[in-house]
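Numbering-wise, the UniProt record's numbering puts 54 at position 54 of the sequence shown, and it's gapless, one number per residue. All residues carry an ideal CB built from backbone N, CA and C; glycine is no exception. Note that the structure is predicted; figures quoted are calculated from it, not measured.
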Amino acid sequence: MLVLPVTACSDGGGSTASPPVATTATATATPPTEEAPPSTEAPTSTDTGTDTSEPEPEPSDDPPPTEEPVPSEAPTTPARPTGDAASELWGLRYQGTAEVQVDAYDQCSVDGSRRFTGTRRYSLAGTLEIGRPRDGGDQSEANPFTLVLSLGAPSQDGSISLWSAGVASASAHDLAGNTRDPRLVLTYWGLQWKRGTVSGTLNDTHTREGVTLNLLNWSRPLIACHPEYGSLPGGFPEAIGTGATLSGDLDQRRARLTVSGNTADGLEQFRFTFSG
Numbered sequence: 001m002l003v004l005p006v007t008a009c010s011d012g013g014g015s016t017a018s019p020p021v022a023t024t025a026t027a028t029a030t031p032p033t034e035e036a037p038p039s040t041e042a043p044t045s046t047d048t049g050t051d052t053s054e055p056e057p058e059p060s061d062d063p064p065p066t067e068e069p070v071p072s073e074a075p076t077t078p079a080r081p082t083g084d085a086a087s088e089l090w091g092l093r094y095q096g097t098a099e100v101q102v103d104a105y106d107q108c109s110v111d112g113s114r115r116f117t118g119t120r121r122y123s124l125a126g127t128l129e130i131g132r133p134r135d136g137g138d139q140s141e142a143n144p145f146t147l148v149l150s151l152g153a154p155s156q157d158g159s160i161s162l163w164s165a166g167v168a169s170a171s172a173h174d175l176a177g178n179t180r181d182p183r184l185v186l187t188y189w190g191l192q193w194k195r196g197t198v199s200g201t202l203n204d205t206h207t208r209e210g211v212t213l214n215l216l217n218w219s220r221p222l223i224a225c226h227p228e229y230g231s232l233p234g235g236f237p238e239a240i241g242t243g244a245t246l247s248g249d250l251d252q253r254r255a256r257l258t259v260s261g262n263t264a265d266g267l268e269q270f271r272f273t274f275s276g
């Protein structure tokens, strides 16, 4: 409770002091009001009647803009093999000459054993062809390339032919009557290729299939053991036996191959070097 003193002033003369009057002021305390927690709801806009949307564009005679295509990366084309790739030789053809040596034998000894009859040396013009490995049906030649070497004419005495593989025609149906590809790949030579050097071995003559392509055309006497009566004209094609070998160098300009082996009956042993 607050008490305030009041003083009276006179306008002259004696003054009479009035007793102080006590004025009482009463303060009333108002309890505090609880504030509402802040709202977490998003404020809502109040429609004031004003259109706030963007105006629609006016029609134009100009053509609509077109999007320029984004240039895509060109597909990567595999580079042609260079250097030591065997595929670089596919399609190449070499023409050259072979120097041939043949040691001949017969079985005209008293006991029937093999007998040496002489050595023959000669030269033959020839062609070496290198190509893509052969395929047929579901089979393919398991070599880095196919190889065909022809020395001399096929009917010429002393001529030689080498095939790394060939494709024969078989029945279009198997034993059960099912249809199949009639092409049959016959692989004769196993070839290896590394850094310009080729080597190989004749692994199969395929005489049982009746398709013998590795041949030495060699003359035979009209009468066995009697060469004095002459020889068969043109020679006789002798199958080259398994185990024959070849080795040499090949590149895109030159070829040099050395081949040695014997015929399947063992009566002719040969060796030649082809350069083309």
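Opening and closing residue of the beta strand (DSSP E) in which residue i lies
i, result
"residue 221", "221 to 223"
"residue 277", "This structure cannot settle anything about residue 277, because the visible part of the chain is limited to 1 through 276."
"residue 269", "268 to 275"
"residue 226", "226 to 231"
"residue 256", "255 to 262"
Straight-line Cα distance separating residue j from residue i
i, j, result
"residue 70", "residue 128", "Note on residue 70: pLDDT 44, under 50, position unreliable in the model; no value is reported."
"residue 141", "residue 156", "29 angstroms"
"residue 106", "residue 267", "6 angstroms"
"residue 187", "residue 195", "23 angstroms"
"residue 236", "residue 217", "5 angstroms"
"residue 263", "residue 214", "10 angstroms"
"residue 272", "residue 258", "6 angstroms"
"residue 260", "residue 225", "26 angstroms"
"residue 197", "residue 123", "24 angstroms"
"residue 175", "residue 139", "19 angstroms"
"residue 265", "residue 222", "18 angstroms"
Beta-bridge pairing of residue i - partner residues as DSSP gives them
i, result
"residue 344", "For the chain, the structure presents residues 1 to 276; residue 344 sits outside this window and is missing."
"residue 237", "217"
"residue 105", "116"
Spatially closest choice to residue i from the options, by CA coordinates
i, options, result
"residue 120", "103, 177, 193, 132", "103"
"residue 211", "239, 254, 130, 132", "239"
"residue 191", "178, 264, 249", "249"
"residue 185", "134, 204, 146, 213", "134"
"residue 207", "227, 241, 223", "241"
"residue 276", "130, 114, 110", "130"
Whole-angstrom C-beta distance between residue j and residue i, which should lie under 8 angstroms
i, j, result
"residue 169", "residue 161", "19 angstroms between Cβ atoms; not a contact."
"residue 96", "residue 274", "6 angstroms"
"residue 201", "residue 243", "7 angstroms"
Cβ of residue i within 8 angstroms of any chain C Cβ
i, result
"residue 266", "Considering every chain present, this structure includes no chain C. It has just one protein chain."
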